[in-house]
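Asker:
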Amino acid sequence: MDVHEREVRRERRVRVPRARGKDRGGPVRVVRSHPDERRQHPLSNGRRLARTRGRVADRKTLKSKVCLVGEIAVGKTSLIRRYVQDMFDDKYIMTIGTKISKKTVRLEGVRGAHDVTLDMTIWDIMGEKGFRQLLKEAYFYGANGILAICDLTRTNTLEDLDDWIDHVLKVVGEIPVYIVVNKVDLKEGAKFDDDAVRAFAKAYNAPWSYASAKTGENVQDAFEAIGRAMAEQQMSAK
Numbered sequence: 001m002d003v004h005e006r007e008v009r010r011e012r013r014v015r016v017p018r019a020r021g022k023d024r025g026g027p028v029r030v031v032r033s034h035p036d037e038r039r040q041h042p043l044s045n046g047r048r049l050a051r052t053r054g055r056v057a058d059r060k061t062l063k064s065k066v067c068l069v070g071e072i073a074v075g076k077t078s079l080i081r082r083y084v085q086d087m088f089d090d091k092y093i094m095t096i097g098t099k100i101s102k103k104t105v106r107l108e109g110v111r112g113a114h115d116v117t118l119d120m121t122i123w124d125i126m127g128e129k130g131f132r133q134l135l136k137e138a139y140f141y142g143a144n145g146i147l148a149i150c151d152l153t154r155t156n157t158l159e160d161l162d163d164w165i166d167h168v169l170k171v172v173g174e175i176p177v178y179i180v181v182n183k184v185d186l187k188e189g190a191k192f193d194d195d196a197v198r199a200f201a202k203a204y205n206a207p208w209s210y211a212s213a214k215t216g217e218n219v220q221d222a223f224e225a226i227g228r229a230m231a232e233q234q235m236s237a238k
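So in our numbering, the last spot in the sequence shown is 238, and the numbers never skip.
1) Kindly indicate which three-state DSSP category Tyr210 falls into: helix, strand or coil?
2) Pick out whichever of Asp185, Val197 and Val168 has its Cα sitting closest to the Cα of Val219.
3) Which of the three DSSP states is assigned to Thr77 in this structure?
4) Quick check on DSSP: helix, strand or coil for Met126?
5) At what residues does the alpha helix (DSSP H) containing Asn156 begin and finish?
6) Run through DSSP, which three-state label would Lys103 get?
7) Of the residues Ile125, Ala222, Asp86 and Met120, which one's Cα is nearest the Cα of Ala138?
8) Whose C-beta lies closer than 8 Å to the C-beta of Glu224 among residues of the same chain, with five residues either side of it excluded?
9) Provide the residue(s) that pair with Tyr83 in DSSP beta bridges, ordered along the chain.
10) For the beta strand (DSSP E) that contains Asp151, what are its first and last residues?
11) Please classify Ile72: does DSSP put it in a helix, a strand, or coil?
12) Straight-line CA distance for Glu232 to Gly112?
13) Which of the three DSSP states, helix, strand or coil, is assigned to Arg59?
14) Determine the extent of the alpha helix (DSSP H) in which Ile179 is found, giving its start and end residues.
15) For Ala211, which of Asn182, Asn205 and Gln234 has the nearest alpha-carbon?
16) Kindly list the residues whose CB is nearer than 6 Å to the CB of Gly189, restricted to its own chain and excluding five residues on each side of it in sequence; keep chain order.
17) Specify the secondary structure class of Asp119 as computed by DSSP and reduced to three states.
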């Protein structure tokens, strides 16, 4: 067998059979890629990566300590439980010394940073007046903010906030203060009005709001407001 005949036989072995009626150009296989497999322009990936890196770079993580102060039975523990666990218990449980809770909150549009992840430690301070002298540096040291709580149905709880706030400020210096008038769900038994709260808050240049640990009204807003104020003060100090 000469060389030419061997080449012809080899071609016959590898030739793909053609269907009748088809042209002799051989079968054509069309391969369609899955949308997820289509190659993207390298610049689009770069832009996406840059945006992602930008968002990560813009988000700051801060740690803050907020002290809840106020007289016995104003609802400090109930406010914390509502905020942290979204729960409420009608039974009064007296805080002995202090209780510490933690909550992570994400804040957008914080002055000095685009977004902030705030790891907040919430200190529930015992409301016994005689305990204030014992607390001092042990519990107030390192505080970044104060949530001052009073009870709408007891006038003295607003008046006594002076001593609580001043005790903290003497230890840590000027930090944000936010005043919460709790038990707005019992407003028919209110013992003071907006003007009294407004006048008190003005002395500390502090924002304030009504709230209800029982219904949850304004609880999250109050904690996030003091959280934002603490974050902005920390960012301005950097």
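We treat Cβ as the ideally placed atom computed from N, Cα and C, and that holds for glycine.
Answerer: Put simply:
1) The residue labelled residue 210 in the question sits at position 210 within the sequence shown. Note: Tyr210 maps to strand in three-state DSSP.
2) Here residue 219 refers to the residue found at position 219 of the sequence shown. Nearest option by C-alpha distance: Asp185.
3) Sequence index remark: in the sequence shown, residue 77 carries index 77 (1-based). Thr77 sits in a helix when the DSSP states are folded into three classes.
4) In the sequence shown, counting from the first residue as 1, residue 126 sits at position 126. Here DSSP, grouped into helix, strand and coil, assigns Met126 to coil.
5) Working through the sequence shown from its first residue, we reach residue 156 at position 156. Unbroken alpha helix (DSSP H) run through Asn156: Thr155 to Glu159.
6) Taking the first residue of the sequence shown as 1, we reach residue 103 at position 103. Taken through DSSP and simplified to helix, strand or coil, Lys103 comes out as strand.
7) To locate residue 138, count along the sequence shown from 1; it is residue 138. Comparing Cα positions, the closest option is Ile125.
8) On the sequence shown, position 224 is the one that residue 224 refers to. These residues qualify, in order along the chain: Val105 and Leu107.
9) As a working mapping, residue 83 is identified with position 83 in the sequence shown. In the DSSP assignment, Tyr83 forms no beta bridge with any residue.
10) Residue 151 sits at position 151 when you count from the first residue of the sequence shown. First-last of the beta strand (DSSP E) with Asp151: Gly145 to Asp151.
11) Residue mapping note: residue 72 aligns to position 72 of the sequence shown, counting from 1. Per DSSP, reduced to three states, the secondary structure at Ile72 is coil, with no helix or strand assignment.
12) Along the sequence shown, one-based indexing puts residue 232 at 232. Along the sequence shown, one-based indexing puts residue 112 at 112. Roughly 7 Å between the two C-alpha positions.
13) For this step, residue 59 is matched to residue 59 along the sequence shown. Secondary structure of Arg59 (DSSP, three-state): strand.
14) The residue labelled residue 179 in the question sits at position 179 within the sequence shown. Counted as a single uninterrupted DSSP element, the stretch harbouring Ile179 is not any alpha helix (DSSP H) but the beta strand (DSSP E) occupying residues Val177 to Asn182.
15) If you number the sequence shown from 1, residue 211 lands on position 211. Checking every option, the nearest Cα to that of Ala211 belongs to Asn182.
16) As a first step, residue 189 must be located in the sequence shown, where it is residue number 189. Excluding residues within five positions, the ones whose Cβ falls inside 6 Å are Thr153.
17) Working through the sequence shown from its first residue, we reach residue 119 at position 119. Strand at Asp119.
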